[in-house]
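Inspection log for the structure reproduced underneath, given as structure tokens.
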Amino acid sequence: MKVYEVQAEHMIHEILPVGVLACNCSILGDERTKEALVIDPGDDVSEILRILERHGLHLSQIVVTHAHIDHIGGAAKLKQATGAPVMLNENDIPIYDTLDAQALWIGVQAPERTVIDTPARDGDKLQVGSINLEVLHTPGHTPGSISLWIPAEKKLLAGDTLFRDSIGRTDLPGGDGRLILRSIRDKYFPLPEDTIVIPGHGESTTLGREREFNYFLQGL
0 MKVYEVQAEH
10 MIHEILPVGV
20 LACNCSILGD
30 ERTKEALVID
40 PGDDVSEILR
50 ILERHGLHLS
60 QIVVTHAHID
70 HIGGAAKLKQ
80 ATGAPVMLNE
90 NDIPIYDTLD
100 AQALWIGVQA
110 PERTVIDTPA
120 RDGDKLQVGS
130 INLEVLHTPG
140 HTPGSISLWI
150 PAEKKLLAGD
160 TLFRDSIGRT
170 DLPGGDGRLI
180 LRSIRDKYFP
190 LPEDTIVIPG
200 HGESTTLGRE
210 REFNYFLQGL
């Protein structure tokens with residue numbers, strides 16, 4: 000399994016594609032305090048735990064960008080293993096309640112569910128050691144989709160809202176094509192052009208590149 004390590008001063012950031020749909024799970028850690036945060040543990044929890052152990056990290060928070068199985072499927076197992084609370088936007092709870100049906104759609108065994116400990120709301124501030132993140136509510140792919148902005152690193156963890164040369168699909172239950180473009184325009188476009196965008200699947204890009212070349216963003 001390929002793991003991408005992103006270098007940053009005092010910040011550990013590994014991107015692990017997990018599950019049959021290769022969701023980009025991010026493991027963020029502070030080298031000094033050894034606190035960690037995991038974003039979108041869709042599957043392959045044993046691999047996530049190995050990365051945490053390799054860096055000597057203690058997981059303090061699990062954040063899920065939206066409630067599709069490929070992003071949230073491993074949250075219960077990771078919570079059981081570490082005791083870390085799970086954060087999800089409350090507008091996606093109805094989608095989380097369809098986890099068994101989602102498993103049937105993609106032909107995998109239904110994972111365990113867990114209680115959502117904390118709602119992820121627009122403007123919430125998260126801190127892991129010296130790493131500060133801001134929650135951006137970016138609905139459209141799902142009603143409760145969120146993104147995570149790391150100002151000091153100029154990084155945007157975009158979930159399935161924006162991809163290199165594309166945007167998140169909006170034909171699944173709860174999707175809204177107009178709303179996803181509004182989220183990108185209102186929440187992403189004010190950020191710096193050189194912001195590194197880490198999507199929920201596929202390779203990273205920059206906000207400036209997508210504004211210039213992404214067909215779906217022209218005219219916004």
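Numbering (numbering that gives the first Met the number 0), first residue to last: 0 to 219.
Ideal Cβ placement from N, Cα and C applies to all residues, glycine included.
Rounded C-alpha distance that separates GLU209 from LEU216: The alpha-carbon of GLU209 is positioned some 7 Å away from that of LEU216.
Have a look at ILE149, ARG181, ALA75 and flag the residue whose alpha-carbon is nearest the alpha-carbon of VAL44. Shortest Cα-Cα distance from VAL44 to any of ILE149, ARG181, ALA75 involves ALA75.
Pair within 8 Å by beta-carbon distance, VAL127 and LEU36: Cβ distance < 8 Å, so VAL127 and LEU36 count as in contact.
Which same chain residues end up closer than 6 Å to PRO110 when comparing Cβ atoms and leaving out the 5 residues on each side of it in sequence? Result list for PRO110: GLY72, in chain order.
Measuring only the C-alpha atoms, how far is GLN60 from ALA119? When rounded, the distance between both Cα atoms is 12 Å.
For the beta strand (DSSP E) that contains GLY29, what are its first and last residues? This sequence places Asp at residue 29; Gly is not what is there. Note, ASP29: beta strand (DSSP E), 22 to 29.
Can you tell me where the alpha helix (DSSP H) holding LEU178 begins and where it ends? 176 to 182 is the span of the alpha helix (DSSP H), which, as asked, contains LEU178.
For LYS1, does the count of other Cβ atoms within 10 angstroms reach 16, so buried, or fall short, so exposed? Low confidence applies here, because LYS1 scores a pLDDT of 45, under 50, leaving its location unreliable; read the following figure in that light. With fewer than 16 other CB atoms across the displayed protein chains lying within 10 angstroms of its CB, LYS1 is exposed.
Per DSSP, what are the beta-bridge partners of LYS124 in this structure? Paired residue(s): GLU133.
Inter-stretch contact (C-beta, 8 Å, three-pair minimum) for the stretch 141 to 151 and the stretch 101 to 116: With contact defined as three or more Cβ pairs closer than 8 Å, the stretch 141 to 151 and the stretch 101 to 116 are not in contact.
Just to confirm my understanding: we take THR137, look at its own chain, exclude 5 residues before and 5 after, and list those with CB closer than 7 Å. What are they? Counting only residues of its own chain and dropping the five nearest sequence neighbours on each side, THR137 has a CB closer than 7 Å to the CB of SER144, ILE145, SER146, THR160, SER182, LYS186.
Environment of LEU56 [buried if 16+ CB atoms lie within 10 Å]: The C-beta of LEU56 has 16 or more other C-beta atoms within 10 Å across all chains shown, which makes the residue buried.
Using beta-carbon positions only, say whether GLN101 and ILE68 come within less than 8 Å of one another. Yes, the pair counts as a contact, with Cβ atoms nearer than the cut-off.
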